[in-house]
Amino acid sequence: MAVLAADADDRRLLLESSMELVGLGKDAPASVRATDSPSPSVWRPAFGRTVQLTLWAQLGVLTRFWIDEGITSACYGGGVLGEDGGRGSCSTSAEDEVRSVLGIMVANMLGSFLMGFLTENKAHLVWFERPNMPVSFLPEDSWVQHHDDLLTGLRVGYCGCLTTFASWAAQMVRMLAEGKVGALVVVLLLETSSSLVSFVLGEHLAIRVHMAVSGVSHKHKRERERLWHQRAQNAVLAAMGREPEQGSQPAAISILRGDSGDEVWLVKGGSGAPEKYEARGPLVVTNSNLRPKPGGGGSGEDQGSDPPEEDEATEVGPTTSQKRLILASNLVSALLLLALTSLWAAQLALDGSFTRRKCWLSVLIAPLGCFLRYLASMKLNNNNSGLLRGKLSWFPLGTFAINVSATVLSSASSALVRHYCLSSTLYPWFAIALRAFETGFNGSLSTVSTFAAEVSKYMVEYPRNFKGWIYVSTSFSVALFLGFCVYSWSAYIPQAC
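If you count the sequence shown from 1, you need to add 27 to reach my numbering.
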C-alpha cells in the first residue's frame, strides 16, 4: 500500500523491497520509526550487551597491544617479552619515526577491515533485497542476524578497541612538538588512507561473500535494477497522485542514480517547479516540502501498482531455537569473561614483566572507555541530542567528541611520562598506570573503525557537498591543536629526572 505520512514536520517515506511506501508518522511502529537508529535504548538493563561489550573490548585491546609491541619491538628495545619499558633505542630519523607508528597503523587497518566486513554495508540493498540483514555475509536465517548483543560487542567492543584514534593522534602530537612536520604529514596520510582502504576492502569482501551465499551474480543486476526503478516509480506516483490538482497534468518522475543512493525528482504539471526526494540508499526517501493534505495524511487504502509480497513486508524475529542459542552464547560469554578477567588480574599481580603488566592493566580498564564511547555515540551521533542545528545536523558529534577528548588525555599522559622520566626503574607502578590509562582507557574511548566508516559514508557524497572533508579536517585539526597545547610544555621544559 502507499500511505502519505501524517507528520507535517518530518515527511519520510520508507521504500521496502516490495516498493511499499510506509508513512513514518507519530503512530508508526517503533521498528519503522527507528530506521536511522535501530539500536534499542542504551539505558535499559542489558545483561547480554554488557557482557559482550566488556568481553570484546578486552580482547580488542589485547590484540592491539601485542600487535603494536610485536611490530615496533625493535624500536622500543628489549623485544615483546623484554623488560625495557623505554624507547631509547629509537633513532630520531623520519624513517624511524614513521616505523614507530606501524604497530598502531596495522591495528587500525585490521580493525577497520573487520568493521567494514561486519557492518551492515547494505550489500543486500545493492541487490534490492529485504533490508533486515544486520550482517550481510551471513545467510538471512542465521541466528547471528538476530543477536544484536554479539554484533554490538564485535563492532563497538572488538573493532572499536582494536583501533585507536588517540594513540595515533598522540604520536603525531609528539612529532609536532619535536618539529618533525615531515614525519607527521607522512604518518597522517599513511594511516588515514590505509584505514579507509581497509574499511572499503572489508565492505567489498562482505558483498562478494553475500553474493556467493545468496546465489546472486552480476548478470542479474541490470534486470533487478530495471525492475526496482519501475516499481519505485509506480509507488511514488501512486502516493503523490492520489489527489491530483484540478486542471493539472499528471506528475512526472525521473530517478537519477547517485553514489549515495537514488535521487527522485517529482515535477508537477504546469508549475514546472521540481520537488526533490532524496533517497538514502534504496530505503528512505525524504522531502521537507511535503505537507499533509486536508483530512490528515493517508488512510492507508491506496495500493501501488505492485502489491507487496507477504513474506517481504513482514518483519521476522528469531525462532525459539535461535533465542536459546542467543541466550546460551551470552551465558558462555559471561563465564568466559569472568575467567579471563580473573586471569588478567592474577597476571597483573604476579607477572614480573613491566611490559606485560602494562598489557594486563590496559585490558582490565578497557571496558570503561568502551562503554563511554558507546553511550556518547548513541547520545550525540545522528544529532540525537539536538545540539547541532541546520546544515551541521549531519555531523557525528559523538565520535568527534570522544576522539578529541581521548587525544587530549593521551597527550597529557605522555607529557607526564616524558617530564618525570617514568619507566620500569623509576616509579614503575606510576608508569604502568599512566601507560595503561593511555593504551587501555583512552585507546578504547577513541576509535578509528567508526571514524573510517563515517568518513567513507560522507566521502561518496562529494562533490555534492564537502561533508567528508569537513569531518576529516575538523577532527584532525582540533585534536592535534588541543593535544599540542597539552603536551608541548614537556618538550620545552627540562625534564625533572
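Ideal placement from N, C-alpha and C gives every residue a C-beta, glycine not left out.
Quick caveat, the model's predicted, so the values are computed rather than measured.
Asked, Found
"Own chain partners of S353 with C-beta closer than 6 Å, once the 5 adjacent residues on each side are dropped", "A small fix is needed here, since residue 353 is Ile in this sequence, not Ser. Only H174 meet the Cβ criterion."
"Simplified DSSP state of P166, which is helix, strand or coil", "coil"
"Proximity winner among A366, S515, L89, H446, relative to R383 (alpha-carbon distances)", "L89"
"G379, DSSP secondary structure in three states", "coil"
"Cβ-based burial, C512 [other Cβ within 10 Å; buried from 16]", "exposed"
"For S356 and L177, believed in contact at Cβ under 8 Å, the rounded distance", "6 Å"
"Cβ contact (3+ pairs, closer than 8 Å) linking the region 459 to 479 and the region 185 to 199", "yes"
"Residues near D7 in its chain [Cβ-Cβ closer than 7 Å; skip 5 each side]", "Since the first residue shown for the chain is 28 and the last is 524, residue 7 is missing from the structure and cannot be characterised."
"Any 3 or more C-beta pairs closer than 8 Å across the region 431 to 444 and the region 514 to 521", "yes"
"Outcome for W496 when other beta-carbon atoms lying within 10 angstroms are tallied against a minimum of 16", "exposed"
"Spatial distance of E465 from S127 (CA atoms)", "16 Å"
"For T219 and A479, the rounded distance between their alpha carbons", "8 Å"
"CB contact flag (L436, L424, <8 Å)", "no"
"With 16 other Cβ atoms within 10 Å as the buried cut-off, status of C524", "exposed"
"Three-state secondary structure (DSSP) of R416", "coil"
"Range covered by the alpha helix (DSSP H) that runs through N430", "424 to 446"
"Boundaries of the alpha helix (DSSP H) in which V505 is found, first to last residue", "494 to 519"
"Burial state of P166, where buried means 16 or more other Cβ atoms lie within 10 Å", "exposed"
"DSSP three-state assignment for G344, whether helix, strand or coil", "coil"
"Cα-Cα separation, T474 to A460", "21 Å"
"Sub-8 Å separation of S528 and S139 beta-carbons", "Past the boundaries of the shown model lies residue 528; the chain is included only from 28 to 524, so the question cannot be answered."
"Cβ pair R182, L145 closer than 8 Å", "yes"
"CB contact below 8 Å: Y514 versus chain D", "No chain D appears in this structure, which consists of one protein chain only."
"Same chain, Cβ closer than 8 Å to C448, five either side skipped, listed in chain order", "Q522, A523, C524"
"Spatial distance of V162 from C186 (CA atoms)", "15 Å"
"For T426, the nearest candidate out of F508, A204, K406, R416 (CA to CA)", "K406"
"Bounding residues of the alpha helix (DSSP H) (the contiguous stretch that carries K207)", "No alpha helix (DSSP H) holds K207; DSSP gives it neither H nor E."
"Separation of A463 from L211, as counted between CA atoms", "24 Å"
"L367 and Q85 closer than 8 Å at C-beta", "yes"
"Boundaries of the alpha helix (DSSP H) in which G138 is found, first to last residue", "129 to 145"
"Within 8 Å, strictly: CB atoms of W387 and D378", "yes"
"Expected contact under 8 Å - CB spacing of S389 and L223 to nearest Å", "About 26 Å separates the two Cβ atoms, so there is no contact after all."
"Range covered by the alpha helix (DSSP H) that runs through Y485", "476 to 486"
"DSSP-derived helix/strand/coil call for P394", "helix"
"Local Cβ density within 10 Å of S412, reported as buried at 16 or more and exposed below that", "exposed"
"Alpha carbon of Y401 to alpha carbon of S504, nearest angstrom", "24 Å"
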